[in-house]
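A.B. asks: Quick one: structure below, then a few questions.
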Amino acid sequence: MAKEEIKKSLENSKKELDADYDNFVKSIQDDLKSFKKKALDQI
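Basically the numbering used here = 1-based index in the sequence shown + 916.
Next up, the structure:
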């Protein structure tokens with residue numbers, strides 16, 4: 917019983933981490949895009 921709960925908890929943690937990672941990558945990409953746009957606008 918406890919083994920199953922641990923397994924389920926680990927899977928949920930992995931899903932959350934994956935989602936957090938995806939959001940992190942996306943926000944960095946958005947930051948880069950806006951930075952490039954600002955840099956190009958200044959030139």
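Beta carbons: idealized from backbone N, C-alpha and C, even for Gly. Nothing here was measured: the structure is a model prediction, and the numbers come from that model.
1. Can you list, in chain order, the residues of its chain whose CB lies under 7 Å from that of F951, leaving out five sequence neighbours each side?
2. When the Cα atoms are used, what is the spatial distance from D947 to A918?
3. So what's I944 in DSSP terms, helix, strand or just coil?
C.D. replies: Quick look at the numbers:
1. none
2. 43 Å
3. helix
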